[in-house]
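Below is one structure, written out as structure tokens, with a few remarks after it.
There are 2 protein chains.
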Amino acid sequence: MNRYDAPVREMRFVLHDVLNIESQLADCAGTPPQREVADAVLDEAARFASEVLAPLNAVGDAEGCMLDKADGSVRTPKGFRAAYAQFTESGWSGLTAPEAWGGQHLPEVLGAAVKEMIDSANLAWGTYPLLSHGATEALKHHGEEWQREVFLRRIVDGSWTGTMCLTEPHAGSDLGMLKARAVPDAEGTFRIHGTKIFITAGEHDFTDNIVHLVLARLPDAPAGVKGISMFIVPKFNVARDGTIGERNAVRCGALEHKMGLRGSSTCVMNFDGASGYLIGKANRGLAAMFTMMNSARLAVGLQGLGLSERAFQNSLRYARERVQMRSLSGPRSPELPADPIIVHPDVRRMLLTQKALIEAGRVLVYDACLQLDLAERHPDPELRTLAEARTSLLTPIIKAFLTESAVECTYHALQIFGGHGYIAETGMEQLARDARITTIYEGTTQIQALDLLGRKVLANQGQELGRWLAEVETACAGASTDAVQAGFAEALRAAARLLGDGAARVSRQARDNAEEVGGAAYDFLMLASYVALGMAWLRMLAAAGEPSAHCDAADKHATADFFFARLMPRAAMHAACMGSGVRTLDVANAALSAGT
Amino acid sequence: MNRYDAPVREMRFVLHDVLNIESQLADCAGTPPQREVADAVLDEAARFASEVLAPLNAVGDAEGCMLDKADGSVRTPKGFRAAYAQFTESGWSGLTAPEAWGGQHLPEVLGAAVKEMIDSANLAWGTYPLLSHGATEALKHHGEEWQREVFLRRIVDGSWTGTMCLTEPHAGSDLGMLKARAVPDAEGTFRIHGTKIFITAGEHDFTDNIVHLVLARLPDAPAGVKGISMFIVPKFNVARDGTIGERNAVRCGALEHKMGLRGSSTCVMNFDGASGYLIGKANRGLAAMFTMMNSARLAVGLQGLGLSERAFQNSLRYARERVQMRSLSGPRSPELPADPIIVHPDVRRMLLTQKALIEAGRVLVYDACLQLDLAERHPDPELRTLAEARTSLLTPIIKAFLTESAVECTYHALQIFGGHGYIAETGMEQLARDARITTIYEGTTQIQALDLLGRKVLANQGQELGRWLAEVETACAGASTDAVQAGFAEALRAAARLLGDGAARVSRQARDNAEEVGGAAYDFLMLASYVALGMAWLRMLAAAGEPSAHCDAADKHATADFFFARLMPRAAMHAACMGSGVRTLDVANAALSAGT
Chain A
0 MNRYDAPVRE MRFVLHDVLN IESQLADCAG TPPQREVADA VLDEAARFAS EVLAPLNAVG
60 DAEGCMLDKA DGSVRTPKGF RAAYAQFTES GWSGLTAPEA WGGQHLPEVL GAAVKEMIDS
120 ANLAWGTYPL LSHGATEALK HHGEEWQREV FLRRIVDGSW TGTMCLTEPH AGSDLGMLKA
180 RAVPDAEGTF RIHGTKIFIT AGEHDFTDNI VHLVLARLPD APAGVKGISM FIVPKFNVAR
240 DGTIGERNAV RCGALEHKMG LRGSSTCVMN FDGASGYLIG KANRGLAAMF TMMNSARLAV
300 GLQGLGLSER AFQNSLRYAR ERVQMRSLSG PRSPELPADP IIVHPDVRRM LLTQKALIEA
360 GRVLVYDACL QLDLAERHPD PELRTLAEAR TSLLTPIIKA FLTESAVECT YHALQIFGGH
420 GYIAETGMEQ LARDARITTI YEGTTQIQAL DLLGRKVLAN QGQELGRWLA EVETACAGAS
480 TDAVQAGFAE ALRAAARLLG DGAARVSRQA RDNAEEVGGA AYDFLMLASY VALGMAWLRM
540 LAAAGEPSAH CDAADKHATA DFFFARLMPR AAMHAACMGS GVRTLDVANA ALSAGT
Chain B
0 MNRYDAPVRE MRFVLHDVLN IESQLADCAG TPPQREVADA VLDEAARFAS EVLAPLNAVG
60 DAEGCMLDKA DGSVRTPKGF RAAYAQFTES GWSGLTAPEA WGGQHLPEVL GAAVKEMIDS
120 ANLAWGTYPL LSHGATEALK HHGEEWQREV FLRRIVDGSW TGTMCLTEPH AGSDLGMLKA
180 RAVPDAEGTF RIHGTKIFIT AGEHDFTDNI VHLVLARLPD APAGVKGISM FIVPKFNVAR
240 DGTIGERNAV RCGALEHKMG LRGSSTCVMN FDGASGYLIG KANRGLAAMF TMMNSARLAV
300 GLQGLGLSER AFQNSLRYAR ERVQMRSLSG PRSPELPADP IIVHPDVRRM LLTQKALIEA
360 GRVLVYDACL QLDLAERHPD PELRTLAEAR TSLLTPIIKA FLTESAVECT YHALQIFGGH
420 GYIAETGMEQ LARDARITTI YEGTTQIQAL DLLGRKVLAN QGQELGRWLA EVETACAGAS
480 TDAVQAGFAE ALRAAARLLG DGAARVSRQA RDNAEEVGGA AYDFLMLASY VALGMAWLRM
540 LAAAGEPSAH CDAADKHATA DFFFARLMPR AAMHAACMGS GVRTLDVANA ALSAGT
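From first to last, the protein sequence lines are chains A and B. Okay, so the first sequence: first residue is 0 according to numbering that gives the first Met the number 0, each after it adds one. Okay, so the second sequence: first residue is 0 according to numbering that gives the first Met the number 0, each after it adds one.
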């Protein structure tokens, strides 16, 4: 009942018409992303996602994963393992990885479209290969040559998967508090001791081996985040020459019983003197972790997008099929016993909210991935630096906003289904449950907001924000010559001004009271998000004007019109909240000081 | 881990200090609600809710209900049945029912506080007695004398429960489409045929008999809502003299597998020629249904409030206990390895959002119940009419807003728990899942919005809205004399003006295009809700000024300050959306017209 059809035409519109990836990446190293290649990848991925993965989504939720307490093995839901075999056979696991390690080195922006499809089709299944991507990044940037040869090659070809072992029961957002220990041993390796929780795909039956990337402290390491190192801890020991050894002392001790994402194994991992290799420099594990984390944060933004898309598709179909009541201005389908509910303005509001958020969100996250490609592959170092700064600015916005949007979109989609949406069989409630983790893992919305305002804006005196806002202004100026778009540009300009002013004000206020940053961060991020979406809409309209564009121009204009009329007013609301300052949120405030 | 402590002091503050129920109801018929009686009821209910019901909440979710397909019986979760026995033994089932039928006839406003506690403690359990209240109202107002004697008395003493059988697979919001048939038989009774779905507490093991109130069509009844009649269909036949007869031909055919509220049996009920009595006039079933529905809608608003309260309590406790990272301005608890997360401004924002919505929401819904009492019990007919009009205006606001708030509050509470909130053991995700039905059943938010703007405002030329807004203005004028509150009054006045202007504008626009009502309804309701909350905050501040008030005045002022600074800006946002008109939502609009 709950279907998924990959929105390939819309993806082509974004990749080719809005972002022009072919010309943008023409000078880059690696396989040139020819349009035909990109289109073939999209078609193949669409088939795999909708035909293989999508039908397993409900099964995965109903079955969940099973831990065998005796040997610590985990059985994944029926069909998951076989789907992964197809995935690796088709070469999907190495899509964007370097050719040197067996990958196809296609651009990340194309990989983003493929990830979106996987996430729409089956978010839980998608978490197993997901962390391999982060591990690839960490090994690529921080691994020694032999580590890449031994581990990266197997991760790229999909025969092993990776994990990120960060969180401990008492150390979530605050990694500085982590306690896992790494003790050097006689062989030049390390013995890892400690318990990690919430480890996605920590144990499963997809592959013979699993490569855990683990944060732990060396003896006498400084306290806090400056004393964290990263280690490679394989499930089965692997010698430097690649020989597989004995079962390592790392085991899954329990699976979490979660609200959603039940097909994904979320593990408590016990390290009882497990053997591991240091990766990167001692006490520099946080830097290596952030390499994985940035990629993972964009990937979680894509999860939000993917869930929203599936929710939208199904609620749109239902709204066209379900008949209930007549339009207020008289029957629209007199031949039916009632009108399809899509005629009711508030149903349309809920559908268009999803559509406007999704289409602009797709431009945002694909663009950030394109900037990643440029940052890594472009020959011009200055352009690489600028691209790096841009993706760095956009990453917290994308991670936080696209996941908050997923909560909102799955909410609207379920609401459109009414009571039927609350019942498992329509699949809508699963989407809402699955979405709920995305605003939390890989750094909560709150952490993203502090990252954006603190590190990405204030720490560099708003330099990259300024450059971005100048581009927004250029886009507004361009749109102002069009009679219809002039109004959109005006609204976007107003929001951008609120954002720039807000950043300047918080920067001043923070000199007297650092808490002002914390009081403004959330609303600053949301305001920045609506500016980013508005910008994305202007870019889409510019692209939609071309007759060859992969879109219906009238549909794009009407959706943009909805966005600026019905969603952009949120920008001023967030600015007003931010403008009220930290006063009402201060810890010295009388509210919350008494018991309940 | 997930606890509930009834906020008795806050309830006293609302009942005694804000609403002055003792003096308000002094002239009314029935038991005078003396303060001592009210307080004793609150204390007893608090004990029952937190000690008996709250511990069964997680059990109910984990176990759910079990249908025996052979005989159609339903087994409720362990402990539920015993708790109901305690409930009836203590006389809770007849708390507000007329003394003539065995009730205690305490005011509904006091019953509201008791319901809130039950809903906080165990929403699923609370759905079993919930519908009895609606059935009581229907029988009281529309039943024949013998029907009251036979059925009402048993429902009031709790030995039987009631249901509302409205929805059919193809007829949810649109009751005019329902197909269930009622055929007169030789005995002067009727034979009911048809299938009803989503029937809350349609079958269970709490009581020996269940009294279904069923909507069905008589032969040759007019089409649509004017051809609907209501019937009493007991699980076991009951003769006019009260004699219990054979098992009636009504059976539970299936239980729904739901996102949440799993301890509540949601039944498919099959009527295969079940014997029933007509209640009220033929073809006037909708009026009788609305008697039940209005009471049920306020009850669902209370469910939203109850869930929000429990979510708030637990997230507040967690925010005080969980230590993670330091305050941006330096350590607040240097003796701990990190600061409690309540020091972080955005955690405080999420807590205060809940607090501000809950405390004002409580005033709103209790006040509506007080108006119900006045409408029914006050000797002055003019005052009765005014009270009736007021509760009628507020009911859709309360139903929609308090349930949307529950979605928001449970969202924030889960977010504060981070990854731990996504795990079943903390109980936070259950609250979020349970909350998700409340914006749907007893009329979706969309239906409430149309009811408010269409029936309650435009249909009477905004008369009651105008009277209410005049009271808001009086409150603003009163508050303006206070230096601090003057700012709050200004913000409320601005929102009230937007609401009044909005109503006037839609009224004009609707003459040309009826769709404008549908395009404005949702944002109109949300805007009206923030006006209502602002008014509630001014009322609370006025009451908090009294030294004898059951509150901490500084806490109330700080929370009000937060409300006007950080939540009231939503009012202007909704006004802006509403102001954009139905244009972007029109069915002729190009968006949504193409396939995805």
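Glycine included, every Cβ here is placed at the ideal spot set by N, Cα and C.
Given a cut-off of 8 Å, decide if residue j and residue i are closer than it, judged by their beta-carbon atoms.
{"i": "A/L430", "j": "A/R309", "result": "yes"}
{"i": "B/L526", "j": "B/L491", "result": "no"}
{"i": "A/V586", "j": "A/C368", "result": "no"}
{"i": "A/T50", "j": "A/Q33", "result": "Reading the sequence as shown, one finds Glu at residue 50 of chain A and not Thr. Cβ atoms of A/E50 and A/Q33: not closer than 8 Å."}
{"i": "B/A318", "j": "B/P336", "result": "no"}
{"i": "A/G418", "j": "B/G171", "result": "yes"}
{"i": "B/T409", "j": "B/L315", "result": "no"}
Thinking just about the alpha-carbon of each residue, which of the options is nearest to the one in residue i?
{"i": "A/M65", "options": "A/K195, A/C251 and A/S92", "result": "A/C251"}
{"i": "B/F47", "options": "B/G329, B/Y83, B/D70 and B/W536", "result": "B/Y83"}
{"i": "B/M288", "options": "B/G580, B/A448 and B/H211", "result": "B/H211"}
{"i": "B/P76", "options": "B/L177, B/D433, B/E514 and B/S264", "result": "B/S264"}
{"i": "A/H169", "options": "A/V36, A/V182, A/G193 and A/E148", "result": "A/G193"}
{"i": "B/L631", "options": "B/L457, B/M539 and B/T473", "result": "Any question about residue 631 of chain B goes unanswered here, given that chain B covers just 0 to 595."}
{"i": "A/W100", "options": "A/L151, A/V73 and A/V58", "result": "A/L151"}
Exposed or buried, which one is residue i when buried takes at least 16 other CB atoms within 10 Å?
{"i": "B/M229", "result": "buried"}
{"i": "A/T425", "result": "buried"}
{"i": "A/A575", "result": "buried"}
{"i": "A/W145", "result": "exposed"}
{"i": "A/V346", "result": "buried"}
{"i": "A/E470", "result": "exposed"}
{"i": "B/A543", "result": "buried"}
{"i": "A/I243", "result": "exposed"}
{"i": "A/D372", "result": "buried"}
Please go through the same chain and pick out, in chain order, the residues whose beta-carbon is closer than 6 Å to the beta-carbon of residue i, but skip the five residues on each side of it.
{"i": "B/V113", "result": "A44"}
{"i": "B/A519", "result": "V505 and M577"}
{"i": "A/L599", "result": "There is no way to answer for residue 599 of chain A, as the model of chain A reaches only from 0 to 595."}
{"i": "A/G241", "result": "V149"}
Please confirm if residue i has its CB atom under 8 Å from at least one CB of chain B.
{"i": "A/Y521", "result": "yes"}
{"i": "A/R348", "result": "yes"}
{"i": "A/D207", "result": "no"}
{"i": "A/Q414", "result": "yes"}
Check whether the Cβ of residue i lies closer than 8 Å to any Cβ atom in chain A.
{"i": "B/F344", "result": "Note that residue 344 of chain B corresponds to Pro in the displayed sequence, not to Phe. Closer than 8 Å: yes."}
{"i": "B/Y410", "result": "yes"}
{"i": "B/A264", "result": "Reading off the sequence, residue 264 of chain B comes out as Ser, not Ala. Not closer than 8 Å to any Cβ of chain A, the Cβ of B/S264 fails to qualify, so no."}
{"i": "B/L532", "result": "no"}
{"i": "B/Y529", "result": "no"}
{"i": "B/T438", "result": "yes"}
{"i": "B/F487", "result": "no"}
By Cβ distance below 8 Å, which residues in the same chain neighbour residue i in space, the five residues on each side in sequence not counted?
{"i": "A/S92", "result": "F86, P128, S131, I154, V155, D156 and G157"}
{"i": "B/N282", "result": "L217, A220, P221, K225, G226, I227 and S228"}
{"i": "B/V165", "result": "The sequence as given places Leu at residue 165 of chain B; Val does not occur at that position. Excluding sequence neighbours, B/L165 sits near L174, L177, K195, L214 and M288."}
{"i": "A/A485", "result": "A478 and S479"}
{"i": "B/L18", "result": "V108, V362, Y365, D366 and L369"}
{"i": "B/I209", "result": "W159, T160, G161, T162, A200, G201, E202, H203, P233 and K234"}
Which same chain residues end up closer than 7 Å to residue i when comparing Cβ atoms and leaving out the 5 residues on each side of it in sequence?
{"i": "B/E403", "result": "T438 and T444"}
{"i": "B/A298", "result": "K114, L129 and H132"}
Can residue i be considered in contact with the ligand ATP, in the sense that its beta carbon sits closer than 7 Å to one or more heavy atoms?
{"i": "B/A552", "result": "The model depicted lacks the ligand ATP and carries no ligand whatsoever."}
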